[in-house]
Amino acid sequence: MASPSHAPDHGGDTVETRSPEIRKDPVTNRWVIFSPARAKRPTDFKSKSPQNPTPKPSSCPFCIGREHECAPEIFRVPDDPNWKIRVIENLYPALSRNLETESKQRETGTGRTVVGFGFHDVVIESPLHSIHLSDIDPVGIGNVLIAYRKRIEQITQHDSINYIQVFKNHGASAGASMSHSHSQIMALPVVPPTVSSRLDGTKDYFDETGKCCLCETKSKDFVIDESSHFVSVAPFASTFPFEVWIIPKDHSSHFHHLDDVKAVDLGGLLKLMLQKVAKQLNDPPYNYMIHTSPLKVTESQLPYTHWFLQIVPQLSGVGGFEIGSGCYINPVFPEDVANVLREVSLA
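Take full-length UniProt numbering: the last position of the sequence shown gets the number 347, and nothing is skipped along the way.
In structure tokens:
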């Protein structure tokens with residue numbers, strides 16, 4: 001345990017802080033510098049980023065009754081005019097679903113080029129503009145997760161796809177271009193480097209211990225809350241302040257193997273975490289990402305590949321050191337984050 005030191009707070013008093021630490025997370029395979037002397041108290045973190053201006057529903061194409069203004073629909077739930085969830089193509093996709101039959105890759109003088117085939121979809125989480133995901137009940141959030149699963153199962157029929165990323169941007173500074181609650185799915189013909197690095201890290205841990213490092217992430221110092229099938233934690237070497245992971249208690253390599261009962265259970269814990277983060281941090285913009293395994297993992301990789309959901313409140317920017325080194329500076333220890341979020345009361 002690092003010895004405590006004293007640093008002045010913003011009011012001139014002294015607050016007890018630990019010495020800096022450099023931690024490596026076997027899951028992300030990344031080094032993180034924890035430098036609490038650079039920050040205020042963990043309980044003083046608040047968002048100062050403005051949310052998206054909320055346009056009138058009459059100008060929002062994601063609202064019910066304006067379906068004709070969107071890109072083509074893939075499916076809706078339920079399949080009638082009074083839908084609760086819609087999955088549509090992205091009007092401005094990063095990848096093209098029309099290139100699958102073209103040649104897959106070629107070598108150039110400076111590297112490899114792979115044809116930009118893939119899928120980029122939008123999941124509209126509510127027909128009503130004023131509803132955020134955290135306003136929806138656990139069953140409703142579970143249905144959003146089931147919609148992710150259904151779309152992933154459809155996409156896996158394409159042999160060219162190797163990785164599928166589900167993510168949500170909430171708030172303008174988190175990358176959301178539309179204020180109507182939605183999330184996105186991108187399916188890639190390649191495995192991104194962060195995913196490959198994660199597999200390398202979890203393999204190294206498994207080779208050393210014979211255990212899955214995410215199955216082991218249940219230390220009481222880091223646990224925030226738990227449900228029947230999931231546990232929420234402040235990860236040991238969290239990259240960002242107040243980062244939260246939600247992890248299946250049972251070993252599972254792929255998100256799309258989630259069943260309906262567990263989807264509702266996850267919906268309840270995800271709602272709780274989003275509400276706690278919003279209350280403690282003044283409703284910050286945030287991102288969440290579902291980190292699943294590549295579609296074509298081998299049988300030998302399954303024991304150390306374990307999916308999880310990551311929530312990142314947008315509280316600080318990324319600077320030149322982080323971009324240049326790939327090593328992040330976090331001003332708050334995850335043990336303190338877990339303690340603060342455990343104590344948040346929603347009553």
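Just so it is clear, CB atoms sit at the ideal spot from N, CA and C, and this is done for glycine as well.
Predicted model, so just to flag it, every value in this text is computed and none were measured.
Could you tell me the alpha carbon to alpha carbon distance between residue i and residue j, rounded to whole angstroms?
i: E89; j: S96; result: 10 Å
i: Q310; j: Q157; result: 26 Å
i: P93; j: I246; result: 28 Å
i: S183; j: I146; result: 13 Å
i: E69; j: P61; result: 5 Å
i: A71; j: F255; result: 26 Å
i: L302; j: K296; result: 10 Å
i: S253; j: V144; result: 20 Å
i: S345; j: C327; result: 34 Å
i: F236; j: F308; result: 14 Å
i: S160; j: A234; result: 35 Å
i: T217; j: D80; result: 42 Å
i: S228; j: P248; result: 10 Å
i: P26; j: D204; result: 8 Å
i: N98; j: Y304; result: 35 Å
i: I124; j: S130; result: 13 Å
i: F206; j: E73; result: 42 Å
i: P20; j: T239; result: 14 Å
i: I323; j: R151; result: 33 Å
i: R66; j: R149; result: 25 Å
Does the beta-carbon of residue i have 16 or more other beta-carbons within 10 angstroms, so that it is buried, or is it exposed?
i: A263; result: buried
i: P50; result: Any reading at P50 must be qualified, since the residue scores a pLDDT of 49, below 50, and its modelled position is unreliable; the value itself is stated next. Per the 10 Å Cβ criterion, exposed.
i: I136; result: buried
i: S179; result: buried
i: S325; result: exposed
i: G116; result: exposed
i: L91; result: exposed
i: R112; result: exposed
i: T298; result: exposed
i: P189; result: buried
i: F230; result: buried
i: V318; result: exposed
i: G201; result: buried
i: I185; result: buried
i: I22; result: exposed
i: S59; result: exposed
i: S300; result: exposed
Excluding the five sequence neighbours on either side, which residues of its own chain have a C-beta within less than 7 Å of the C-beta of residue i, listed in chain order?
i: A174; result: P285, Y286, N287 and Q314
i: P294; result: N162, Y163, V191 and V195
i: F333; result: R18, F34 and P36
i: T251; result: Here residue 251 is His; the residue named in the question, Thr, does not match the sequence. For H251, where only same-chain residues beyond five positions count, the Cβ hits under 7 Å are C212, C215 and H306.
i: N52; result: Only weak support is given to the placement of N52: the predicted model assigns it a pLDDT of 49, under 50, and the value that follows is read from those uncertain coordinates. Around N52: G171, A172, A176 and S179.
i: E153; result: H256
i: G268; result: P138 and S227
Taking residue i as part of the beta strand (DSSP E), name the residues at either end of that continuous run.
i: M289; result: Y286 to H291
i: residue 370; result: Lying outside 1 to 347, the shown extent of the chain, residue 370 is not represented and no answer is given.
i: D225; result: V223 to E226
i: A187; result: H182 to L188
i: T24; result: The displayed chain sequence assigns Lys, not Thr, to residue 24. It spans E21 to D25 - the beta strand (DSSP E) in which K24 sits, taken as one unbroken run.
i: E73; result: E73 to V77
i: Q301; result: Note, Q301: premise wrong, no beta strand (DSSP E); not H, not E.
i: P61; result: Run containing P61: none; DSSP gives neither H nor E here.
i: F119; result: F119 to I124
i: N98; result: First-last for N98: undefined, no H or E at that position.
i: E89; result: I85 to E89
i: P313; result: F308 to P313
What residue does the alpha helix (DSSP H) around residue i start on, and which one ends it?
i: N143; result: P138 to I155
i: L199; result: P193 to T209
i: N169; result: Element bounds for N169: not the alpha helix (DSSP H) but the beta strand (DSSP E), Y163 to H170.
i: P334; result: P334 to R342
i: F321; result: G320 to S325
i: V114; result: Looking at the DSSP string, V114 is not in any alpha helix (DSSP H); the run it does join, the beta strand (DSSP E), is R112 to V114.
i: L272; result: D260 to Q280
Who are the near neighbours of residue i in its chain, counting only those whose CB is closer than 6 Å to its CB and skipping five residues on each side?
i: R342; result: I224
i: N339; result: none
i: E243; result: V312
i: F119; result: R97, I155 and A187
i: E335; result: D221
i: D265; result: S227, S228 and H229
i: E100; result: F117 and S160
i: Q165; result: M186
i: K168; result: S183 and Y288
Can you name, in chain order, every residue of its own chain whose Cβ lies under 8 Å from the Cβ of residue i, other than the five neighbours on each side?
i: W83; result: I64, R76, V77 and P127
i: G210; result: none
i: D260; result: G142 and I146
i: H291; result: V195, R198, W307, F308, L309 and Q310
i: K24; result: R30, W31, V32 and A237
i: S134; result: K271, L274, Q275 and A278
Does the ligand SAH have a heavy atom nearer than 7 Å to the CB of residue i?
i: S238; result: No copy of the ligand SAH occurs in the structure displayed, which carries no ligand at all.
Nearest chain D C-beta to residue i closer than 8 Å, yes or no?
i: D121; result: Structure shown: chain D not included; a single protein chain is present.
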